[in-house]
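Keeping their order, the protein sequence lines are chains A and B. One point on numbering: in my numbering, the residue at position 107 of the first sequence is 368, and numbering is uninterrupted. One point on numbering: in my numbering, the residue at position 283 of the second sequence is 640, and numbering is uninterrupted. Where a beta carbon is used, it is the ideal one built from N, C-alpha and C, also for glycine. All of these numbers come straight from a predicted model, not from anything done at the bench.
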Amino acid sequence: MKEIVAIIRPNKLDDVKDALEEIGCHGMTVIEVKGRGRQLGITESYRGSDYRIDMLPKTRLEIIINDEDTEKVVGTIVKTAQTGDIGDGKIFISPVENVVRIRTGESGDKAV
Amino acid sequence: MDPVLNSGDTAWMLISTALVLLMTVPGVALFYGGLTKKTNVLNTMFMSLIAFSITSVIWILYGYQFAFGTDTLMGLIGNPSNLLFSGIGVDQLAPLAPTIPETVYVAFQMTFAAITIALISGAVVERMKFSSWVAFVVLWVTFVYVPIAHWVWGGGFLAQLGALDFAGGTVVHLNSGVAALALVLLLGKRKDTKLLPHNLGYSVIGASLLWFGWFGFNAGSALSAGGLAGSAFLATNTATAAAMISWVIIDYIKTGKPTLLGAISGAVAGLVAITPAAGFVTIQAAVIIGLLTSVVSYFAISFLKSKLGYDDALDVFGIHGMSGMWGALATGLFAAPFINSLGTGVFYGNPGQIVTQIIAIAVVGIYSFVVTIILGKILDMTIGLRVDDKEEIEGLDTNQHEESGYRI
Numbered sequence: 262m263k264e265i266v267a268i269i270r271p272n273k274l275d276d277v278k279d280a281l282e283e284i285g286c287h288g289m290t291v292i293e294v295k296g297r298g299r300q301l302g303i304t305e306s307y308r309g310s311d312y313r314i315d316m317l318p319k320t321r322l323e324i325i326i327n328d329e330d331t332e333k334v335v336g337t338i339v340k341t342a343q344t345g346d347i348g349d350g351k352i353f354i355s356p357v358e359n360v361v362r363i364r365t366g367e368s369g370d371k372a373v
Numbered sequence: 358m359d360p361v362l363n364s365g366d367t368a369w370m371l372i373s374t375a376l377v378l379l380m381t382v383p384g385v386a387l388f389y390g391g392l393t394k395k396t397n398v399l400n401t402m403f404m405s406l407i408a409f410s411i412t413s414v415i416w417i418l419y420g421y422q423f424a425f426g427t428d429t430l431m432g433l434i435g436n437p438s439n440l441l442f443s444g445i446g447v448d449q450l451a452p453l454a455p456t457i458p459e460t461v462y463v464a465f466q467m468t469f470a471a472i473t474i475a476l477i478s479g480a481v482v483e484r485m486k487f488s489s490w491v492a493f494v495v496l497w498v499t500f501v502y503v504p505i506a507h508w509v510w511g512g513g514f515l516a517q518l519g520a521l522d523f524a525g526g527t528v529v530h531l532n533s534g535v536a537a538l539a540l541v542l543l544l545g546k547r548k549d550t551k552l553l554p555h556n557l558g559y560s561v562i563g564a565s566l567l568w569f570g571w572f573g574f575n576a577g578s579a580l581s582a583g584g585l586a587g588s589a590f591l592a593t594n595t596a597t598a599a600a601m602i603s604w605v606i607i608d609y610i611k612t613g614k615p616t617l618l619g620a621i622s623g624a625v626a627g628l629v630a631i632t633p634a635a636g637f638v639t640i641q642a643a644v645i646i647g648l649l650t651s652v653v654s655y656f657a658i659s660f661l662k663s664k665l666g667y668d669d670a671l672d673v674f675g676i677h678g679m680s681g682m683w684g685a686l687a688t689g690l691f692a693a694p695f696i697n698s699l700g701t702g703v704f705y706g707n708p709g710q711i712v713t714q715i716i717a718i719a720v721v722g723i724y725s726f727v728v729t730i731i732l733g734k735i736l737d738m739t740i741g742l743r744v745d746d747k748e749e750i751e752g753l754d755t756n757q758h759e760e761s762g763y764r765i
């Protein structure tokens with residue numbers, strides 16, 4: 262089992278969600294976050310003073326999937342969240358030791 | 358004017374009074390609240406609200422009486438003959454506006470006193486102790502606003518000199534702007550002096566309510582429902598619109614982008630500048646006054662403030678002090694006797710008027726600055742003006758009030 266953490270542009274969330282649903286990946290946790298990467302920030306101007314806003318709003322998706330789906334899910338996220346400009350975000354993939362479904366108590370692949 | 362009650366005038370003045378109230382509660386509260394950090398939004402709004410309440414009570418107990426009582430001590434203060442509001446009858450007509458009841462006149466003037474002190478809060482937000490602010494409101498209204506209102510509007514020595522101030526360019530705006538400057542000099546800089554509005558939408562609503570309420574402020578200052586009120590109404594709107602346009606143009610030239618904060622700042626600067634002039638100048642003059650006032654305030658905010666290094670958080674001095682001063686001068690230039698027989702400016706053959714205006718500006722500015730410094734010093738030595746560093750960093754809402762503006 263793998264955990265996919267994707268940091269994406271907030272305005273790409275709906276596209277990514279729909280695309281993942283199409284390939285059969287339904288479950289996800291979505292968190293509004295702030296952060297920065299290479300984009301570093303944008304400039305805002307108030308009453309003639311410029312300020313660099315260096316923590317930008319992003320959306321963080323957390324998805325747990327079975328190992329064999331990894332490539333498909335990651336590929337779908339990359340394809341739909343991509344604009345080609347700096348600030349598209351990143352995807353982190355890591356192994357998951359176990360998953361337990363609280364309702365039934367079942368664990369492992371069945372619980373994903 | 359015959360001292361006979363006029364129901365049209367009375368109706369208009371009742372409405373005007375409520376309009377001016379709307380400028381402070383919630384106009385100023387929202388305008389300022391949106392511009393601060395989200396951890397200070399409640400404290401910022403609260404400062405305006407409590408200022409309004411305290412001033413309302415002071416005004417009926419003794420403020421109105423000293424400001425608008427029969428002139429005494431050679432123009433220095435009014436003779437307070439109706440202290441604690443005793444002896445002002447329901448049907449008694451206002452001595453200075455003899456077609457409306459005195460109660461209506463008291464209420465109308467009360468809203469002016471209240472907004473003047475509320476305006477000052479914008480400069481000192483994000484670092485002043487609430488307890489100290491409450492004490493400051495009491496002292497400042499008593500020792501600064503009341504005498505100045507008497508000098509200019511209550512028949513005091515500046516009125517006798519012929520100083521023109523239709524709705525408060527000196528009494529309200531120059532006065533609050535200079536006092537704001539004095540108080541921030543005592544308070545010192547905030548740790549974080551960035552102006553990053555946490556909710557600019559609040560400020561747009563606040564500024565729009567100011568614009569709306571200002572028709573009561575300026576057209577109401579005609580103290581009657583007639584041609585002069587109409588002329589002041591249109592002059593007010595015209596100058597405001599012109600000032601918004603010119604601020605946006607300056608923004609565009611300086612930064613390449615028009616900004617909404619610039620637009621509402623320009624509108625407020627225009628409202629301020631036309632305030633002393635509204636019932637004296639032509640509509641054409643209002644265009645010029647409005648267009649130029651943004652230049653004056655923009656210069657103060659983008660150049661003077663950084664050059665001199667004072668931390669006027671929300672630019673009360675820059676907008677109210679500077680545009681108030683410009684408006685008071687412009688009144689001396691553009692006052693047209695065919696608009697209002699009480700005022701003739703330089704351009705209509707009365708060069709002396711500009712001297713009178715400068716004297717009024719100097720007297721109000723210096724008195725307000727000096728007395729505010731004294732009152733602020735006294736508070737600093739007793740209650741203390743400033744919250745401690747930890748409270749400033751964490752925000753005043755949770756520390757001064759144990760409340761927070763946002764649950765999410």
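Are residue i and residue j closer than 7 angstroms when you measure CB to CB?
i	j	result
B:F465	B:T597	no
B:F656	B:T688	no
B:G479	B:G678	no
B:L531	B:V721	yes
B:I640	B:L591	yes
B:G432	B:G513	yes
A:K295	A:M316	yes
B:E483	B:T393	yes
B:P680	B:T650	The amino acid occupying residue 680 of chain B in the given sequence is Ser; Pro does not appear at that position. Yes, the Cβ-Cβ distance between B:S680 and B:T650 is below 7 angstroms.
A:R313	A:G302	yes
A:T320	A:L281	no
A:I354	A:I265	yes
Show which residues of chain A have a CB atom less than 7 angstroms away from the CB atom of residue i.
i	result
B:S622	R308
For the alpha helix (DSSP H) containing residue i, name the first residue and the last one.
i	result
B:S725	G709 to T739
B:P504	V503 to W510
B:V377	S364 to L379
B:F409	V398 to I415
B:T755	Unbroken run through B:T755: none, as it is neither H nor E.
B:N532	N532 to L544
B:K664	K662 to L665
A:T337	T331 to A342
B:T597	G584 to T612
B:T688	M679 to F691
A:I284	No alpha helix (DSSP H) holds A:I284; DSSP gives it neither H nor E.
B:L628	L617 to I631
Need the endpoints of the beta strand (DSSP E) that residue i sits in, please.
i	result
A:A267	K263 to I269
A:F353	K351 to P356
Report back the beta-carbon spacing between residue i and residue j to the nearest angstrom; my notes put them in contact at under 8 angstroms.
i	j	result
B:G435	B:G511	5 angstroms
B:G752	B:K486	Going by Cβ atoms, the distance from B:G752 to B:K486 rounds to 14 angstroms, so no, they are not a contact pair.
B:A539	B:A475	With a Cβ gap of about 17 angstroms, B:A539 and B:A475 do not count as contacting.
B:G563	B:G391	6 angstroms
A:M262	A:D328	7 angstroms
A:I338	A:V277	6 angstroms
B:L521	B:Q714	7 angstroms
B:I631	B:N575	7 angstroms
B:M402	B:I472	Not confirmed; about 14 angstroms, so no contact.
B:V673	B:A537	4 angstroms
B:M467	B:S413	6 angstroms
B:N439	B:H758	With 8 angstroms as the limit, B:N439 and B:H758 do not qualify as a contact, their Cβ atoms being about 36 angstroms apart.
B:A626	B:A600	5 angstroms
Could you please give me the residues that DSSP links to residue i through a beta bridge?
i	result
A:D311	A:S306
B:L450	B:P458
B:R484	Answer is none; B:R484 lacks a bridge partner.
A:K319	A:V294
B:D428	B:G435
A:V361	A:S368
B:R764	Paired residues: none, contrary to the question.
B:R743	B:M485
A:I325	A:E264
Using a Cβ cut-off of 8 angstroms, pull out every chain A residue sitting near residue i, in sequence order please.
i	result
B:D672	R308
B:K611	G309
B:S659	R308, G309 and S310
B:P554	Y307
Using a C-beta to C-beta distance shorter than 9 angstroms, which residues of chain A count as neighbours of residue i?
i	result
B:G619	S306, Y307, R308 and G309
B:K614	S306
B:L655	Before going on, a small fix: residue 655 of chain B reads as Tyr here, not Leu. R308 and G309, listed in chain order.
B:K551	Y307, S310 and Y312
Kindly examine the ligand SAH and report whether one of its heavy atoms sits closer than 6 angstroms to the Cβ of residue i.
i	result
B:I716	Questions concerning the ligand SAH fall outside what the structure shown contains, since it holds no ligand whatsoever.
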